[in-house]
Amino acid sequence: MKKQSLNDLYYIKRELTSIIRELRSISIGVRNDFKGVGSDRCASCIDSVINNCCKLQKTLNNLDTNAVTEQFANSHK
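Quick note: the sequence shown uses the working numbering, first residue 3, plus one each step.
Written out as structure tokens, the structure reads:
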């Protein structure tokens, strides 16, 4: 991958980490600040999104950037 593509990947991973942190904070806030079945269900939905983001983050962290061709990288912009 070219340097620009590697930089883009770095910023995507950094932003994803920020999103996960914010979602965790929201989930904790919903559970602590609101009481009732609706708040638990809402927090559970947020937790589901967090889990999906964590799976994506794991995939990005395990990405072999040497195996990604420039043609593939350019086709997904």
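Ideal Cβ positions, reconstructed from N, Cα and C, are used throughout, including at glycine.
- Boundaries of the alpha helix (DSSP H) around lysine 5: 5–35.
- Per DSSP, reduced to three states, the secondary structure at leucine 62 is helical.
- Remark: three or more beta-carbon pairs, one from each stretch, lie closer than 8 Å, so the stretch 17–26 and the stretch 54–64 are flagged as touching.
- Around the beta carbon of serine 27, fewer than 16 other beta carbons lie within 10 angstroms, which makes this residue exposed.
- Under the three-state reduction of DSSP output, glycine 38 falls in the coil class, being neither helix nor strand.
- Around the beta-carbon of isoleucine 30, fewer than 16 other beta-carbon atoms lie within 10 Å, marking it exposed.
- Sixteen is the threshold: when 16 or more other Cβ atoms of the shown chains lie within 10 Å of the Cβ of isoleucine 48, as they do, the residue is buried.
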